[in-house]
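Protein chains in written order, with our numbering: chain A, 1 to 481; chain B, 1 to 481.
This is the structure we're talking about:
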């Protein structure tokens, strides 16, 4: 079968809406509040599997899950002044309880630094308790005035994993930043999402952070999308909330903090990145159903029933071996209609089982990613499927990385950079002297957004694309979500 | 060791606050918004285990998990008039986004009937899709004006499992009510929470329901607490939202719905019900840590280290056998201090491992519930612990049921009933003619709350405690949370 990526790349926005709706992942645009969608059962399971992976990586590195209230009083949110400035125009406010006006406005959490630091101030007294790493997975709210998009730009972000850590020293917090980056790399690798890691420029840091490191991926339409951020908060929040701990030397001081987040966009990326014109291809690591069995009707009813029985038997065999399998037993749909449905749900492997397979005791296997097919004996099916699931997982990751890398170009000519970005072809790296002035000028001239610069040292034997001084590194620019 | 239940029964409220704080389950009263608490890591794990049990029972009976937006527009919430009347004074309203006044006020969901029915109206068209059973586990909000209590009466209920089902006929919905009741019985049995099941009287139904069935348990102070409700909604919401489906006979009609909920109170009950003056006793089915190992220091450092090594080895053996175990390796606390800590965390089994156990290759086991102790050889430890965990689980359930049953009294004398309730001794059943008038009079005269009447037929050869007509059933009354 021919694999095309026309709709997927040329009309990604329509493709994505179509997949979310027809694949029954997420109902968007019909709930009567702008920017808020509904996770349908199939999408919810995908989301749960992704959350499961995030939880495993965090739990196994000493992070402890907690759950804080949704609401933050206005006076508390205002304690860190840069922070509130960054969020002020995006906060939803609760002002009434029943018919009573509240004395203090309550914010729907846009993020939880101040809420969590408030309680850390009560819980943590000594360096002996550090490092401390909390996280929660919650809804956060942003009163977005830009155009909203399902899973990508929402007013209710329903899957915000936010980690918050506390350390004795600046360097300890920096080490935590590095650990967080390593954890995120593993999470995105497991999710088969390729990424570019950059330090965000000074003018685009998280409100209240000393440093912001960000993971961006490239979506099918060539736009970059931020999928994870890691912030070194220094003592900004501990000072604002007067949170001190006893240090090793006996003195009292403000601890250093970090925070890092991953959102619904992780789910959006998993659905989008490996897609084709048939729909998404879900990586086996998170696919809610790994194998779907489509029984192919025979010429007579009796044989059709035997095929169904054989199909169910095969499927049970997979489930017993922890390979989540479902047999589509609908008798009103044709096999072709079922192929369409399960392709748009992105199930990685399909089995087609008809009279031929029944008689020969075989199964006919089709991979969703490249539509290659295999026929194996029933007894060999478990091993073959396990092998194919591993292959699919690796192939998806490898191809997505190749695709991402092919979309990063270097240019020392600002006009050429602008032209590349105009073609929606991903990320352009331009040589940069390191000054904010030149950085902002680059954004202005390309009408694009600066993602930042590599965190590792980058040798650039070139001149800054703006001021023509010696370049210290490259600045990455892209059209973004 | 002597087991006392003085603090637990006489000053339950203080006992509960003490356990939540010292056991590090839930930080309450210190977050700067009334009625909103913080789930700390240990409490969060307990909550997750309880949610896991709820999910298993729902998933295995064809319920599908979804996630709806937190906010409900005012006009939508007003569509079912009885419903909004019931909740109107308890709703938190979002009225501003940034500095902009919103055109339509948005409610923080108090419950989700109207939100979910709105989308069901788009998703469900035919009887062939029915029955449909959705559920979500979310925060709901009530602007409580009564005194709030941790986990029991909150302004943010963070663990609201709400199921919503759709059926072709009234009878199908009634069957679903029965299924829901059976599921809840299994959930509460697994959680070792005893209950009384009643149909709530007409004047205390869920706002918008035709029938409300409720599970109440009795807390240590003798007050009844509602821990689960099941509602037959009839066509009230489908009519209000103009939600029709095609029936088997081809006609279009409003489907019948049910909804049922369990909240944070399930966690509160698990912590409260089996407690004693040392703290709670968590049932093994949900305890985050099933076995804690306390190494007992020896006279010299070398032997102490060997004890520690042996302790860790034992603990790893349990973990490998899926018995969650933790060794308390803190070298600054005495064994006695550790006993105190892990008792207040309710860990069902403690091992004390010292030089004697090291030399003899044994483990010393102590049950948290009755403080009985056992010494077994290391090789027998796994089996012994498994056996004890089962015994503890069964003993907790059995004793809690005995305790509950001993707190239900029958009285055909309203003055005596009032006196019993004044002593906080649980639930009183009084003979009742079935009229609302007499029911309300009973509430008034006893200064207590009517829980309702048994759902099964109850033979009562007695006269109504108010009107002296022949009693049709009993009415249950209690001081309640």
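Beta carbons are placed, not taken as given, at the ideal position from N, Cα and C, and that holds for glycine. Since the model is a prediction, treat every value here as computed from it, not as a measurement.
Short CB-CB distance (under 8 Å) between residue i and chain A
i	result
residue 327 (chain B)	no
residue 219 (chain B)	no
residue 210 (chain B)	no
residue 44 (chain B)	yes
residue 440 (chain B)	no
residue 130 (chain B)	no
residue 76 (chain B)	yes
residue 122 (chain B)	yes
For residue i, three-class secondary structure by DSSP
i	result
residue 449 (chain B)	strand
residue 332 (chain A)	coil
residue 29 (chain B)	coil
residue 339 (chain A)	helix
residue 235 (chain B)	coil
residue 347 (chain B)	coil
residue 80 (chain A)	coil
residue 325 (chain B)	strand
residue 194 (chain B)	coil
residue 484 (chain B)	Residue 484 (chain B) falls outside the range modelled here, since chain B spans only 1 to 481, and no answer is possible.
residue 2 (chain A)	coil
residue 482 (chain A)	The question about residue 482 (chain A) has no answer, for chain A in this structure spans 1 to 481.
residue 96 (chain A)	strand
residue 383 (chain A)	helix
residue 456 (chain B)	coil
residue 353 (chain B)	strand
residue 408 (chain B)	strand
residue 40 (chain B)	coil
residue 143 (chain A)	coil
Reference residue i; option with closest CA among the options
i	options	result
residue 392 (chain B)	B:293, B:190, B:459	B:190
residue 309 (chain B)	B:354, B:93, B:164, B:79	B:354
residue 172 (chain A)	A:255, A:274, A:226	A:255
residue 385 (chain A)	A:299, A:321, A:69	A:321
residue 43 (chain A)	A:417, A:159, A:222	A:159
residue 119 (chain B)	B:238, B:99, B:283	B:238
residue 409 (chain B)	B:422, B:428, B:290	B:428
residue 94 (chain A)	B:87, B:102, B:88	B:102
residue 334 (chain A)	A:305, A:295, A:318	A:295
residue 398 (chain B)	B:246, B:273, B:474, B:323	B:273
residue 220 (chain A)	A:10, A:475, A:364, A:298	A:10
residue 222 (chain B)	B:236, B:70, B:356, B:405	B:405
residue 420 (chain B)	B:446, B:402, B:126	B:446
Through-space distance from residue j to residue i, alpha-carbon basis
i	j	result
residue 228 (chain B)	residue 346 (chain B)	24 Å
residue 339 (chain A)	residue 332 (chain A)	14 Å
residue 2 (chain B)	residue 436 (chain B)	48 Å
residue 380 (chain B)	residue 192 (chain A)	45 Å
residue 463 (chain B)	residue 413 (chain B)	10 Å
residue 215 (chain A)	residue 224 (chain A)	10 Å
residue 111 (chain B)	residue 468 (chain B)	40 Å
residue 144 (chain B)	residue 265 (chain B)	16 Å
residue 28 (chain B)	residue 258 (chain A)	25 Å
residue 363 (chain A)	residue 314 (chain A)	9 Å
residue 208 (chain B)	residue 455 (chain A)	58 Å
residue 142 (chain A)	residue 69 (chain B)	13 Å
residue 268 (chain A)	residue 13 (chain B)	46 Å
Beta carbon proximity, residue i to chain B, threshold 8 Å
i	result
residue 127 (chain A)	no
residue 396 (chain A)	no
residue 260 (chain A)	no
residue 108 (chain A)	yes
residue 241 (chain A)	no
Chain E contact residues for residue i, given Cβ-Cβ distances below 9 Å
i	result
residue 118 (chain B)	In the structure shown, chain E cannot be found, because the protein chains are A and B.
Handout entry: Near-chain A residues of the stretch 54–72 of chain B (beta-carbon distance less than 9 Å), N- to C-terminal order
Key = 64, 65, 66, 67, 68, 69, 70, 71, 72
- request: Return the residues of the stretch 80–101 of chain A that lie within a Cβ-Cβ distance of less than 8 Å from chain B, sorted by chain order.
  value: 88, 89, 90, 91, 92, 93, 94, 95, 96, 97, 98, 99, 100
Chain B contacts made by the stretch 13–42 of chain A, where a contact means CB separation under 7 Å = 27, 30, 31, 32, 33, 36, 38, 39, 40, 41
Quiz prompt | Residues from the stretch 134–165 of chain B in contact with chain A, defined by Cβ distance under 7 Å | solution = 139, 143, 156, 158
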